[in-house]
Amino acid sequence: MTYAFSPTVLDVLCPMHLTLDAGGVITHVGPTTQKLRPDLTLVGREFLETFQVMRPRGITTLDQLWETRHIKLHLEMKGNPPARLKGILVTDSTGAAIVNLSFGISILDGVRDYALTNADFAATDLAIEMLYLVEAKSAAMEASRKLNLRLQGAKIAAEEQAFTDTLTGLKNRRELDQVLERLLAANVRFAVMHIDLDYFKAVNDSLGHAAGDHVLRVVAKAMIEETRATDTVARVGGDEFTVILPEVGEIDVLERIGRRIIDRIKVPIPFNGHQCEISASIGTVWIQNSKSATRETVMEDADIALYASKNEGRARQTFYSPELRKTANNAAPIKGRGGIKSQA
Amino acid sequence: MHGLINHSFQSFMRDSYGERAWLEVAARAGITPPSFEAMLSYDDAITPAVLNAMALVLRRSSDEVMEDIGTYLVTHPNTEAVRRLLRFGGMNFEDFLYSLDDLPDRARMAVSDLRLPAIELHSHEAGRYSLICESPIAGFGHLMMGVLRVMADDYGTLAVLDLEQSETGRETVQIQLIETDYSNGRVFDLGARAS
Chain A
241 MTYAFSPTVL
251 DVLCPMHLTL
261 DAGGVITHVG
271 PTTQKLRPDL
281 TLVGREFLET
291 FQVMRPRGIT
301 TLDQLWETRH
311 IKLHLEMKGN
321 PPARLKGILV
331 TDSTGAAIVN
341 LSFGISILDG
351 VRDYALTNAD
361 FAATDLAIEM
371 LYLVEAKSAA
381 MEASRKLNLR
391 LQGAKIAAEE
401 QAFTDTLTGL
411 KNRRELDQVL
421 ERLLAANVRF
431 AVMHIDLDYF
441 KAVNDSLGHA
451 AGDHVLRVVA
461 KAMIEETRAT
471 DTVARVGGDE
481 FTVILPEVGE
491 IDVLERIGRR
501 IIDRIKVPIP
511 FNGHQCEISA
521 SIGTVWIQNS
531 KSATRETVME
541 DADIALYASK
551 NEGRARQTFY
561 SPELRKTANN
571 AAPIKGRGGI
581 KSQA
Chain B
-5 MHGLINHSFQ
5 SFMRDSYGER
15 AWLEVAARAG
25 ITPPSFEAML
35 SYDDAITPAV
45 LNAMALVLRR
55 SSDEVMEDIG
65 TYLVTHPNTE
75 AVRRLLRFGG
85 MNFEDFLYSL
95 DDLPDRARMA
105 VSDLRLPAIE
115 LHSHEAGRYS
125 LICESPIAGF
135 GHLMMGVLRV
145 MADDYGTLAV
155 LDLEQSETGR
165 ETVQIQLIET
175 DYSNGRVFDL
185 GARAS
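Chains as they are written, first to last, in our numbering: chain A, 241 to 584; chain B, -5 to 189.
As structure tokens, this is what we get:
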């Protein structure tokens, strides 16, 4: 069965083709092939001088080229810019050949480098659909990327605005400040305990952060259990905690709660075969008339009382009084023993 | 409704009338926060509420607003991607018209959960076409009128457009091609990188 088609038929069906005679000389080029080298007369040139066969490798003679029939060829059209093309070669009974070409995956560069239009592709070619998809998908991806960035920003903002310490589940400093402001504004009696863990750094340094985190969670649980439901327990630093106790009528209440916290935290905490021994120092401010107090002065007073507890040997509670300010100024730095015992 | 559609309404208001006009629309339509994400989905009732609010704020009929949105989508630099993607549909205006049949499928290929209203092109003799729009949003035919007017210009084609509304709410754009080589139209560079 033979078909007699004029070259113009091939121009329509595969506009990026060329035909060769039995001697490997180009006899006709499709309109899109010509667009790759608009200023060059391709007809009459030898195929192997115009194209380099990249794959299969080592094709330099006509006989070798003819052997590549029906195999996918990776070609590079010589000249500027070099065009990387896919191709397939078929021969007929007279020894003449047709080589059909395509851009393959470099289609995007192809249409840009050679200013190709829809008309340069066969009607059945999916190149235009491919370009459409690349462009549509890129636009959609870009929109998704922007959404992700906004969501990421919103997540960070939400985390910053959250009132919970993620490690311990206690309240954080933001929540603490708000509760404190509320109580000060209401001008009611309340107390603030500033609690600092003793020897915590030794646990962290010798057993690692996992141990430290574990200790913090155990301590947090103890503080919740030893305070009243109406109290606010917050983690305000690495191993620093603050408890706000509203409606405290007697100092005994504070002494009892402070004692319970100190006793609980003294209990060694097992972790991976080690006993983490820490304790708690507490500085407490009891505010009975908050008219002149501000958040800053309250926290500062609690700090001074805490410093006194540390200075006097730790694991104790000190109530703030103005006299403490004097001793705080000339106290010596605190030294202490480490808090790890091996269970060996 | 897909966020892309709501977001394009929002962009239309902002780009054409400014941020304050959009905020007024959002407030009237009860959109909080006053912004749509293009890649999320929203309740179907929101889109008509936004359209009504735009008509109120702009003191125009919602049909006119929809036609303006159509024009905006294919002319404004911020939505150049829409024009480009439509131009992939064909080499001339008639090709482009036929490609509208595939538009919902093409849209779904790009964004899998984007459902565009069904549109169907019928061709009659002597360069007459009718585009039947079946949409949950009233006025979608008007939006397509805006799009088609600009795209005809884009292809350099002179065409007369008319909208018919059936009693069931089906909108049909009647298209009469006068001259397909009326002007040079706008260049479409296949290989241009979308910005």
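Cβ coordinates follow ideal geometry from the N, Cα and C atoms, glycine included.
Sequence-distant partners of V473 of chain A (beyond 5 residues in either direction) whose C-beta falls short of 7 Å from its own C-beta, in its chain, are L410, K411, M463, I464, T467, F481 and V483.
At a C-beta separation below 7 Å, S384 of chain A has these neighbours in chain B: M33. Beta-carbon to beta-carbon, G498 of chain A and I527 of chain A are separated by about 16 Å, too far to satisfy the 8 Å threshold. In this structure the region 254 to 262 of chain A lies against the region 324 to 337 of chain A, because at least three pairs of beta carbons, one per stretch, are closer than 8 Å. The DSSP assignment places 337 to 342 as complete runs of the beta strand (DSSP E) inside the region 334 to 367 of chain A, in order along the chain (cut-off: 3 residues). Inter-residue distance for R496 of chain A and P508 of chain A is about 21 Å (C-alpha atoms, whole angstroms).
In terms of Cβ geometry, A39 of chain B and V19 of chain B do not form a close pair [threshold 8 Å].
Judged by beta-carbon spacing, G344 of chain A lies beyond the 8 Å limit of K318 of chain A, meaning their Cβ atoms are not closer than that value.
By the Cβ criterion, the region 30 to 37 of chain B is in contact with the region 381 to 393 of chain A, since at least three pairs of Cβ atoms, one from each stretch, lie closer than 8 Å.
Contacts between F90 of chain B and chain A, judged by CB atoms closer than 8 Å, are missing: the closest CB pair is about 11 Å apart. Of A:D353, A:Q292, A:H268 and A:T272, the smallest CA-CA separation from G284 of chain A is found for A:H268. The residues T472 and I484, in chain order, have a CB closer than 7 Å to that of V419 of chain A in the same chain once the five nearest residues on each side in sequence are set aside. Excluding the 5 residues flanking it on each side, C516 of chain A has same chain C-beta neighbours closer than 6 Å at V443, V455 and I509, in chain order. A residue is called buried when at least 16 other Cβ atoms come within 10 angstroms of its Cβ; M381 of chain A does not meet this threshold and is exposed.
Straight-line measurement puts the Cα of S124 of chain B at about 47 Å from the Cα of L313 of chain A.
Residues of the same chain with a CB within less than 7 Å of the CB of H257 of chain A, apart from the 5 flanking positions on each side, are L250, G270, T273, I338, V339, N340 and L341 in chain order. Among the residues of chain A, none has a CB under 8 Å from the CB of A20 of chain B; the nearest is roughly 17 Å distant.
What E375 of chain A touches in chain B, judged by beta-carbon distance under 8 Å, is A75, R78, L79, F82 and A188, going in chain order. For M85 of chain B, at least one C-beta of chain A is nearer than 8 Å to its own C-beta. When CB distances to chain A are screened at a threshold of 7 Å, the residues of the region 102 to 131 of chain B falling below it are M103, A104 and V105, in chain order. Counting every other CB atom within 10 Å of its CB across the protein chains shown gives P255 of chain A a total of 16 or more, marking it as buried.
Taken through DSSP and simplified to helix, strand or coil, P508 of chain A comes out as coil.
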